[in-house]
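Just below is one structure, and these are the notes that go with it.
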Amino acid sequence: MKRLTFIVCIAISTFLISCNNESASISGNSSEEQKNISADSIIGEAFRTGDVSKIDSVVAPDFVDHSDMGEMNRDSLKSMINMIHTKMADMKMEKVRIAADGDHVYSWMKYTGTSDEGGMMPKGQHYNMNVIELTRFKDGKAVEHWAFLDMRDMKQFMPQGNMNMGTPADSSKMKTK
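Using the working numbering, the first residue of the sequence shown is number 655, and each one after it goes up by one.
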């Protein structure tokens, strides 16, 4: 499963990097794709400002966020936005690339800041993360979300940056069915 997630992240990253624009590029030709990109931007703005008042207008009531903390719903999303805005007040978000393909919006995001108490990292630790955000929309509202963190950035969440995932040579030791 980890390998599949990694391969998907690489594939999406390669697709998004292939856009040769130095500022955030937007790709989406249909009006539906443009509407989904606009809705995705409203969600991003809620994370930047902590204002969740527009979330109900762009996130479906049966929304599912597939996260490492378990599946979350629209109310959990609002709580998470409030928590992140409170606990990570200096977090900066940069949208590097955004693209839409049918009912999916792909965003390459860079997050920087300093961790606060109660997070995954020790208080005061600087972080710099690249994340691919994938959101599926239906009728202009987000219905599912996944986030894929760059594995190199994961090291900052591990004790002393120790994240041993093995080497390609180790893969020969794996048994398959």
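Virtual Cβ for every residue (Gly too), placed ideally from N, Cα, C.
With 16 other CB atoms within 10 Å as the buried threshold, where does residue i fall?
i, result
"E787", "buried"
"D722", "exposed"
"N690", "buried"
"T740", "exposed"
"N683", "exposed"
"E748", "exposed"
"D719", "buried"
"P789", "Checking the sequence, you will find Thr at residue 789 rather than Pro. It counts as buried."
"R751", "buried"
"H780", "exposed"
"D710", "exposed"
"E687", "buried"
Using 8 angstroms as the threshold, is the C-beta distance between residue i and residue j below it?
i, j, result
"T766", "K746", "yes"
"M742", "D770", "yes"
"V797", "D716", "yes"
"K708", "A714", "no"
"M783", "D757", "no"
"I696", "V712", "yes"
What is the DSSP secondary structure of residue i, counted as helix, strand or coil?
i, result
"G698", "helix"
"S769", "coil"
"A693", "helix"
Stretch-stretch touch, CB-based, cutoff 8 angstroms, three pairs: the segment 731 to 744 with the segment 754 to 764: no
Beta strand (DSSP E) runs wholly inside the segment 712 to 799, at least 3 long, in chain order: 713 to 721, 724 to 726, 746 to 755, 758 to 768 and 780 to 792
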